[in-house]
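Residue numbers (the numbering used here), protein chains in the order written: chain U, 84 to 196; chain R, 187 to 309.
Idealized CB from N, CA, C, for every residue including glycine.
Step one of this worksheet: look at the structure below.
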Amino acid sequence: DIVMTQSPDSLAVSLGERATINCKSSQSVLYSSDNKNYLAWYQHKPGQPPKLLIYWASTRESGVPDRFSGSGSGTDFTLAISSLQAEDVAVYSCQQYYSGPFTFGPGTRVDIK
Amino acid sequence: EVQLVESGGGLVQPGGSLRLSCAASGFTFSSYGMNWVRQAPGKGLEWVSYISSTSSRMQYADSVRGRFTISRDNAKNSLYLQMNGLRAEDTAIYYCARDLRIGYDYVGWFDPWGQGTLVTVSS
Numbered sequence: 084d085i086v087m088t089q090s091p092d093s094l095a096v097s098l099g100e101r102a103t104i105n106c107k108s109s110q111s112v113l114y115s116s117d118n119k120n121y122l123a124w125y126q127h128k129p130g131q132p133p134k135l136l137i138y139w140a141s142t143r144e145s146g147v148p149d150r151f152s153g154s155g156s157g158t159d160f161t162l163a164i165s166s167l168q169a170e171d172v173a174v175y176s177c178q179q180y181y182s183g184p185f186t187f188g189p190g191t192r193v194d195i196k
Numbered sequence: 187e188v189q190l191v192e193s194g195g196g197l198v199q200p201g202g203s204l205r206l207s208c209a210a211s212g213f214t215f216s217s218y219g220m221n222w223v224r225q226a227p228g229k230g231l232e233w234v235s236y237i238s239s240t241s242s243r244m245q246y247a248d249s250v251r252g253r254f255t256i257s258r259d260n261a262k263n264s265l266y267l268q269m270n271g272l273r274a275e276d277t278a279i280y281y282c283a284r285d286l287r288i289g290y291d292y293v294g295w296f297d298p299w300g301q302g303t304l305v306t307v308s309s
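In structure tokens, the structure reads:
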């Protein structure tokens, strides 16, 4: 099984400042035949279902604000929020869809400082 | 509006059974693979099961294989999860989620998700 880890467990960032979340997979999720990274990011607010932010590691889902961006390749990935807004307070999780079981990271909680 | 609504959760004793349902609307249900994902109290998300658009392919997490069965009825725009032999560790909110990796019978990324239905396994 591919194990997904995230760092930090939580972070507090001032409004308007940059937040960076890291996700690491225990093996590469880069598929050589199409050169795509099989990784997605989700935002999960209390009392709401998770919401898709990013897929293919860096493709922003339609309607997601452009302050959210994904980067990385192979085993190391980053979700960045360029200018944190109050509505961005949530838990953020990465997910690999390279191979089953399709594992999620444990989540990173983002709060306002 | 694309919408998924789960139902069927509740309190069940260890060893018991439940059948979860997910009603889909606002999109062509028969064109998409579907997933069940759960979140235990205080834990992260755990993928549970996948079914392709035509039911030709099903996949399960090791933790539920042999106990849970995923199915769908495209005529009714509905997804199901039959859960047998329930254990305390199956206690979680269960979400159904549309798979956006269209055209492939493989798991991709998920959106939208339903609001979830709570399953509690306890005596």
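By Cβ distance, which residues of its chain are closer than 6 Å to residue i, with the 5 residues on each side in sequence left out?
| i | result |
| --- | --- |
| Q268(R) | R205, T255 |
| I237(R) | M220, M244, I256, R258 |
Apart from the five residues on each side of it in sequence, which residues of its chain come closer than 8 Å, Cβ to Cβ, to residue i?
| i | result |
| --- | --- |
| T142(U) | G153 |
| V86(U) | S108, S109, T186 |
Taking only beta-carbon atoms, is residue i less than 8 Å away from chain R?
| i | result |
| --- | --- |
| G155(U) | no |
| P213(U) | The question about residue 213(U) has no answer, for chain U in this structure spans 84 to 196. |
| Y175(U) | no |
| L135(U) | yes |
Out of the options, which one is the CA nearest neighbour of residue i?
| i | options | result |
| --- | --- | --- |
| Y181(U) | N105(U), S90(U), S109(U), A95(U) | S109(U) |
| N221(R) | E275(R), F213(R), V307(R), M244(R) | M244(R) |
| V172(U) | P129(U), D159(U), P189(U) | P129(U) |
| G194(R) | R253(R), G228(R), S264(R), S216(R) | S264(R) |
| G300(R) | R224(R), R253(R), D248(R), G230(R) | R224(R) |
Quick check on residue i - is its C-beta less than 8 Å from some C-beta in chain U?
| i | result |
| --- | --- |
| L388(R) | A query on residue 388(R) cannot be resolved here, the shown segment of chain R reaching from 187 to 309 and no further. |
| E232(R) | yes |
Should residue i be labelled buried (16 or more other beta-carbon atoms within 10 Å of its own) or exposed?
| i | result |
| --- | --- |
| P200(R) | exposed |
| Q189(R) | exposed |
| Y138(U) | buried |
*What are the residues of the segment 106 to 133 of chain U that lie near chain R, defined by any Cβ-Cβ distance shorter than 7 Å?*
A123, P132, P133
Next on the checklist: Give me the subset of the segment 241 to 254 of chain R whose CB atoms are less than 7 Å from a CB atom of chain U, sorted by chain position.
Outcome noted: Q245, A247, D248
Anything in the segment 142 to 168 of chain U with a Cβ closer than 8 Å to a Cβ of chain R? List those residues in chain order, please. E144
**OP:** Taking only beta carbons into account, state which residues of the segment 269 to 281 of chain R come closer than 7 Å to chain U, listed in chain order.
**Re:** Y281
| request: Determine which residues of the segment 179 to 195 of chain U have a Cβ less than 8 Å from any Cβ of chain R, and write them out in chain order. | output: Y180, G183, P184, F185, T186, F187, G188, P189, G190
Chain-ordered residues of the segment 286 to 301 of chain R with a beta carbon less than 8 Å from chain U:
L286, R287, Y292, V293, G294, W295, F296, D297, P298, W299, G300, Q301
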